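Undergrad: Got a structure for you, written out below as structure tokens; questions coming shortly.
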Amino acid sequence: MPTFNNGSDCMLIEMKNIRKSFGSNDVIKDVSFSVKGGEITALLGENGAGKSTLMNILGGVLQMDGGSILVDGEKVDFETPAGSLEAGIAFIHQELNLINDLPIYENMFLGREIKTKRGSLDLKQMYQQTAEIFERMNVDLDPGKMVRDLDASYKQIVEICRAMMTNASIIIMDEPTTSLTDTEIKRVFKMMETMKEQDVGIIFISHKLNEVKQICNRYLVLRDGNLVAEGNVSDVTTKVLASHMVGYDVRTESLRREKTPDNEDGEEVLRVEGLTDGASFRDISFSVKAGEIVGVTGLLGDGRSELFQAIFGAEKLLSGKIYLNGKEVEINHTYQAIKEGIAYLPRNRKENGIIKDMDIIENASIVTWPLFSRRGIINIERHRQTFFEQRDTLRLKMGDLQDRITSLSGGNQQKVVLSKWLAVNPRILVLDNPTQGVDVGAKEDIYDIILKLAEQNIAIIVLSSEAQEIIRLCDLALVMYHGVIQGEVRDELMNEHTIMRLATGGELDVERREQPL
Amino acid sequence: MKAEFQNTPPVKQKKSLLESFKHKWSNDPLFSILIALIVMVILQTLTLGFDYGSVGEWFQAWINNWINILRNNAGVGIVALGMTFVIMTGGIDLAVGSTMVITGAFAMYLLDTGSAGILGAIGIDGVPAIILTIILVLGFGYLLGALIGVTVTKGMVPPFIATLGAMMIFRSVTQHFAQGYNTTVPMEFLQISSFKIGNLMIMPIIYWAVIALILYYVSKRTTFGRQIIAVGSNERAAKLSGVNVNKVKLRVYALMGLLVSIAAIIQVSRIGSMDFSNAGRGMEMDAIAAAVVGGTNMLGGRGFILGTVYGMLIIAVMNNLLNLFGVPPFLREAFKGIIVIVAVLLQRKEKSV
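Chain order of the listed sequences is A and G. Numbering-wise, my numbering puts 217 at position 219 of the first sequence, and it's gapless, one number per residue. Every number in my numbering is 19 more than the matching position in the second sequence, counting from 1.
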């Protein structure tokens, strides 16, 4: 049903010499490219490269300062998102625009409701049309289902179908897979293939280069507001794409250390026995030695974050024991955990990590305020000195100390959050999804820091949903499944195949016999 | 070309001056609030006019007018400072007026030179009685505030509900037990407010200024002060950074109670009595208004002690202006309402830039 303006060919969008600046900051500097229907084009770039700005211009959210947009050779001017949508360009934002308390078919017609002659909603019509589009897109969903009962991938799919319903010929998808599990990603990808077959063009914004290799035909790479590379995905490796994104060669080799602390030698820093919280995890026992890097991974709902937040005193434990250096401790509060030498870098930086009303130096010193103070008066000078030392080791790129934390890129924000924990010299450092929303360059910086801290005999626990990250970095990995530790892998057993097997509830013993690698 | 070169620098300079003003206007909330205050004061000064015989007399009148304004607002001004902290944590305290009444009543019962006096009954009078009263009243206020704080933190009752309840309880209890009670507060106690410095009755103003300075320092330089912002801006992140969120909130409400009891002492020592059914009614709204006009974000995370002082003064000067203009008293609240809404509208605009 997508309408093609000249009947025969797919839609063609050309963006020519686009420029955009915010104040004195040039965000897009003379960028030209084109996208076609029937193709999936990856738009790549680090945080702050200008991807969102460029797509917001195409989507009519922002106005360009210079340049032109041509749809099928005709010059257009998008002043509002509605104007862009009318021209056949739909923008699916990262935060989905669905209303949980309405059924799917009503969500499909938000703002464009079909009405009966008497002016009430024509629910039957809306249901009917939704069912039709689902059939066309091969979606097996009941249009009457409430949106709140859908998982993230189906929500994504509902948004896509909604875009298809407006006869969109080009769909912009902004990091659609970030909050999806592997099976859900597959589902969305299948949907994207269907759209491609129907001559719809997709602009796919993503950080995940593996996905780009898997699903996209073409790629565009933005860096500092310039288009630095474009071409066919089949001609390049992910490594080449990564180096285009950061502007230099990125290492991808394993960082795993040759000699891991010996079972005999390493001093046991943390041991837990039978930890249970009554909801997210149960009967968890493990131990970590000084200088060890332990990975903890699993799929969504494995309970690893809840487990370590409980060890850190942010959540309640029902039963179980925690030993630090062989001594049993009771931790009911985060400040007690900090006193015991435990540091926890939380996942979801925006919600749990940064405090947006505070500046950079304050975000970096919040943990040490009570520690570096006399009679409650903050020792500002000492905080500055500590922070300056860390700024260099962390390779932190920033302006003024008093700048807002939100003025930094994701990677640098994460480094600031990390620096507040390094300031307390922890014995145990728990990093929950430390490279989430962090660009490629900063990711490697963070890995370097982790390795360096392990050298200093700090016990490090990395929680991550990316098996690759765990395999590259950790000495051993605990794989969790539905709140229990399903298995422990190290050395040659630490590979994606085994980890996935355990993460989906498989057994390690069976795995060992079958082990082909 | 030549002309262009000659012209460019001065034009640029002018622009940069204007631009720096613009920059400050939209980036420094305190700056715009201060400008608003200055405009109000100029307006007020013009309204007072020069029709007095000499400049000296005019100046005397201007000063007297100001001392009146400041003294009348010292109590609410002090309460507004505490309210700023409460709002910065994302909370609210509706109980301040009632807390003032109950602590005020407590002060009067302690001091009474008649038969009802508690301290008099156990043989303490004179200056020791006054000092003891101050200590006990401050302690009582702190305790009541802490009680609200515990309800909010441990009891997990929303601040609006906890303080709404406290507001009703404190006043009702006071009114019941102090029915038909006529106090005779000792003259020495009145000195707290009416002691004159060089012929000027400015003690309440000094209390306000000193407390504002202390709290300004607390908000900028102490662990407690900065943790207030952290808790209000992102409670979860604050907790995960080792901030004892409940302790911070508890201390904020306790501090509020303490400041209210100071306002109660000032009130009692100014008038020598207190109307338990009317005193402090609407005080919570005035304090909230001052904080909001001063740039405090009702959602928490942002607030300025200095801003609240400016906010209080803006409202006070406006009241004074309306008085000078002869605006009927029933209409004055409407102007106050307009100021509060306009202030927030302006601040919202800044945010979106």
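Glycine is no exception: its CB is placed at the ideal position from the N, C-alpha and C atoms. Quantities reported herein were computed from a predicted structural model and do not represent experimental measurements.
Just the Cα atoms here: how many angstroms apart are R345 (chain A) and K337 (chain A)?
TA: 21 Å
Undergrad: Would you say N26 (chain G) faces chain A, with C-beta separation under 9 Å as the test?
TA: Confidence in N26 (chain G) is poor, its pLDDT being 37 and thus under 50, which makes the residue's placement unreliable; the coordinate value appears in the next sentence. N26 (chain G) does not count as touching chain A.
Undergrad: Taking its Cβ as the centre, do 16 or more other Cβ atoms sit within 10 Å of E303 (chain G), making it buried, or is it exposed?
TA: buried
Undergrad: Quick one: what's got a C-beta closer than 6 Å to Q172 (chain A)'s C-beta in the same chain, skipping five residues either side?
TA: For the sequence presented, residue 172 (chain A) should be read as Asp rather than Gln. Taken in chain order, the residues that qualify are H91, Q92, I203.
Undergrad: Counting only beta-carbon separations shorter than 9 Å, does V271 (chain G) have a partner in chain A?
TA: Among the residues facing chain A, V271 (chain G) is not included, as its CB has no counterpart in that chain under 9 Å away.
Undergrad: Under 8 Å Cβ to Cβ from Y226 (chain G), same chain only, skipping five residues before and after it: list those, please.
TA: Closer than 8 Å at Cβ, skipping near neighbours: A93, I97, I281, I285.
Undergrad: Identify, in the order they occur along the chain, each residue of the same chain with its Cβ nearer than 6 Å to the Cβ of R190 (chain G), setting aside the five sequence neighbours on each side.
TA: S117, V120
Undergrad: For L166 (chain G) and Q210 (chain G), I'd like the C-alpha separation in whole angstroms.
TA: 31 Å
Undergrad: From G324 (chain A) to G318 (chain A), what distance separates their C-alpha atoms?
TA: 15 Å
Undergrad: What does the Cβ neighbour count give for L98 (chain A), buried or exposed, with the cut at 16 atoms within 10 Å?
TA: This sequence places Asn at residue 98 (chain A); Leu is not what is there. By the 10 Å Cβ count, N98 (chain A) comes out exposed.
Undergrad: Helix, strand or coil for G71 (chain A) per DSSP?
TA: coil
Undergrad: Is any beta-carbon of chain A found at less than 9 Å from that of K41 (chain G)?
TA: Residue contact check for K41 (chain G) against chain A: no CB pair falls below 9 Å.
Undergrad: Drop a sphere of 10 angstroms on the beta-carbon of H205 (chain A), count the other beta-carbons inside from all chains shown, and report buried for 16 or more, exposed for fewer.
TA: buried
Undergrad: Would G296 (chain A) and S151 (chain A) qualify as a contact pair, given that the criterion is a beta-carbon distance under 9 Å?
TA: no
Undergrad: Do R17 (chain A) and I26 (chain A) have their C-beta atoms within less than 9 Å of each other?
TA: yes
Undergrad: Using 9 Å as the threshold, is the C-beta distance between I54 (chain G) and I224 (chain G) below it?
TA: Their beta carbons are not under 9 Å apart, which means I54 (chain G) does not touch I224 (chain G) by this criterion.
Undergrad: So is S252 (chain G) in contact with chain A if we call contact Cβ pairs under 9 Å?
TA: yes
Undergrad: Between Q366 (chain G) and chain A, is the shortest Cβ-Cβ distance under 9 Å, so that the two count as touching?
TA: no
Undergrad: Run through DSSP, which three-state label would G485 (chain A) get?
TA: strand
Undergrad: Output the distance between the C-alpha atoms of G313 (chain G) and F323 (chain G), rounded to the nearest integer angstrom.
TA: 7 Å
Undergrad: Is any beta-carbon of chain G found at less than 9 Å from that of G575 (chain A)?
TA: It is not possible to answer for residue 575 (chain A), since the shown part of chain A is limited to -1 through 515.
Undergrad: Within 9 Å of any Cβ in chain G, is that where the Cβ of E379 (chain A) sits?
TA: Not an interface residue.
Undergrad: Taking buried to mean at least 16 other C-beta atoms within 10 Å of its own C-beta, is N76 (chain A) buried or exposed?
TA: The sequence given here places Phe at residue 76 (chain A); Asn does not occur at that position. Buried, by the Cβ-count rule.
Undergrad: Taking any Cβ of chain G, which residues in the region 349 to 378 of chain A have a Cβ under 8 Å from it, in chain order?
TA: Flagged, chain order: E349, N350, G351, I352, I353, K354, D355, M356, E360, I364, V365, W367, P368, S371, G374, I375, I376, I378.
Undergrad: Are the Cβ atoms of G481 (chain A) and R280 (chain A) separated by less than 9 Å?
TA: yes
Undergrad: With a CB to CB cut of under 8 Å and the five nearest residues on each side skipped, what residues in its chain are close to G397 (chain A)?
TA: S405
Undergrad: Can you confirm whether the region 490 to 504 of chain A touches the region 326 to 336 of chain A when touching is taken to mean that 3 or more C-beta pairs between the two stretches lie within less than 8 Å?
TA: Because the criterion of three Cβ pairs below 8 Å is not met, the region 326 to 336 of chain A and the region 490 to 504 of chain A do not touch.
Undergrad: Determine which residues of the region 254 to 270 of chain G have a Cβ less than 8 Å from any Cβ of chain A, and write them out in chain order.
TA: R255, A256, A257, K258, L259, S260, G261, V262, N263
Undergrad: Using the Cα positions of L269 (chain G) and V146 (chain G), report the straight-line distance between them to the nearest angstrom.
TA: For L269 (chain G) and V146 (chain G), the distance between alpha carbons rounds to 33 Å.
Undergrad: Curious, which full-length alpha helix (DSSP H) runs of at least 4 residues does the region 113 to 162 of chain A contain?
TA: Listed in chain order, they are 121 to 134.
Undergrad: What first and last residue would you give for the beta strand (DSSP E) that runs through T295 (chain A)?
TA: 291 to 296
Undergrad: Determine which residues share a DSSP beta bridge with E12 (chain A) and list them.
TA: Looking at the DSSP output, E12 (chain A) bridges to A:S32, A:L68.
Undergrad: Count the other CB atoms within 10 Å of the CB of P205 (chain G); is the residue buried (16 or more) or exposed (fewer)?
TA: buried
Undergrad: Kindly list, in the order they appear in chain A, the residues whose Cβ is closer than 7 Å to that of M243 (chain G).
TA: Contrary to the premise, residue 243 (chain G) reads as Phe rather than Met in this sequence. What F243 (chain G) touches in chain A: G374.
Undergrad: Counting contacts by CB-CB distance shorter than 9 Å, is L10 (chain A) in contact with chain G?
TA: no
Undergrad: Tell me, please, whether the CB atom of A308 (chain A) is closer than 9 Å to any CB atom in chain G?
TA: No, A308 (chain A) lies away from the interface with chain G (no Cβ there is under 9 Å from its Cβ).
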